[in-house]
Amino acid sequence: MYFTDFPEEGPRVRPHPGWLMDEEGGSRLLTDAELAEHGFRLVIYRPPAFDADRERVETRPLTQWLVSATTAIVAYQVATLPVQEVGARKLAAIDQERNGILSAGYPVPGTSLHIDMSDGTRADLGAVAVTALVVKAGALAWPEGYAHGWITMENERLPLPTPDDGIGLAYGVGAFYSVVVQHGRTLKDSVLALIAADDIEGILAIDASAGWPTP
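Numbering of the sequence shown is given in our numbering, commencing with residue -6 and proceeding in unit increments.
Pasting the structure below:
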């Protein structure tokens, strides 16, 4: 609960002024009436309704508040969001959708398992694919470590008994990662074009959660 007083240097908002010590050494918070006697008012917050997609609520200066002997009602104004802010919010929403899909991992078809899609994992799978191609060319044997399986996000092995299995997993992860990133880029390009065109309604019409690919 906050109170405002009106000293000579101008109004200010501050926390509850404090405690009153009694003659017996006890203490209690000052009452509203006691605060009013010393020039404090209880601040009342009644923000107006607004469209959060297009507007924001701003607090007016204290000198414009409605002040009575005991209360100070906050004055607000509703401001239209600039197109850059609307666009930034939409871009952030797209990033959140993309990052959520990528962090969930590549869902292995026909299983309930997922493969991590971080930069490191994709690089490791690229090495698997290169090794598989060398094996298929007859130069080397398929490594036992790969054959035992790739460790999934569920901490289970996904067997890769043949080089083709290794190539298939590397391709699946790489392809899924790329289409997810490209879809996000397409959405963001649309938003950037609408920002340049000063088209707030067009930006709001873009569904950041729509159209994302599945394996």
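Where a beta carbon is used, it is the ideal one built from N, C-alpha and C, also for glycine.
(message) Can you give me the C-alpha to C-alpha distance between residue 101 and residue 168, rounded to a whole angstrom?
(response) Taking the sequence shown and counting its residues from 1, one reaches residue 101 at position 108. Taking the sequence shown and counting its residues from 1, one reaches residue 168 at position 175. About 12 Å.
(message) Can you tell me whether residue 156 is buried or exposed? The criterion is at least 16 other CB atoms within 10 Å of its CB, across all chains shown.
(response) One-based indexing of the sequence shown puts residue 156 at position 163. Flag for residue 156 reads buried.
(request) Go through its chain and collect everything with a Cβ distance to residue 79's Cβ below 6 Å, but skip five positions before and after it. (result) Here residue 79 refers to the residue found at position 86 when the sequence shown is read from its first residue. Cβ neighbours of residue 79 beyond the five flanking positions: 193, 196.
(message) Buried or exposed, going by whether 16 or more other CB atoms sit within 10 Å of the CB of residue 139?
(response) As a working mapping, residue 139 is identified with position 146 in the sequence shown. By the 10 Å Cβ count, residue 139 comes out buried.
(request) Return the residue from the list 198, 66, 118 that minimises the CA-CA distance to residue 35. (result) Along the sequence shown, one-based indexing puts residue 35 at 42. Answer by Cα proximity: 66.
(message) Quick check on DSSP: helix, strand or coil for residue 202?
(response) Position 209 of the sequence shown, counted from the start, is the residue given in the question as residue 202. It is coil, neither helix nor strand.
(message) Pop quiz: residue 69 and residue 166 are said to be a contact at Cβ under 8 Å. What is the actual Cβ separation, rounded to whole angstroms?
(response) Taking the first residue of the sequence shown as 1, we reach residue 69 at position 76. Taking the first residue of the sequence shown as 1, we reach residue 166 at position 173. No, residue 69 and residue 166 are not in contact; Cβ-Cβ is about 51 Å, not under 8 Å.
(message) Restricting to Cα atoms, I'd like to know which of 181, 22, 202, 144 is closest to residue 110.
(response) Counting from one through the sequence shown, the residue named residue 110 turns up at place 117. Measuring from the Cα of residue 110, the nearest candidate turns out to be 144.
(message) Using 8 Å for Cβ pairs, my map puts residue 87 next to residue 177. What's the rounded Cβ distance?
(response) Taking the first residue of the sequence shown as 1, we reach residue 87 at position 94. Taking the first residue of the sequence shown as 1, we reach residue 177 at position 184. Yes, residue 87 and residue 177 are in contact; Cβ-Cβ is about 6 Å, under 8 Å.
(request) Give the DSSP bridge partners of residue 50, in chain order. (result) One-based indexing of the sequence shown puts residue 50 at position 57. Residue 50 is bridged to 71.
(request) Express the C-alpha separation of residue 205 and residue 96 in angstroms, rounding to a whole number. (result) In the sequence shown, counting from the first residue as 1, residue 96 sits at position 103. In the sequence shown, counting from the first residue as 1, residue 205 sits at position 212. Cα-Cα distance, rounded: 14 Å.
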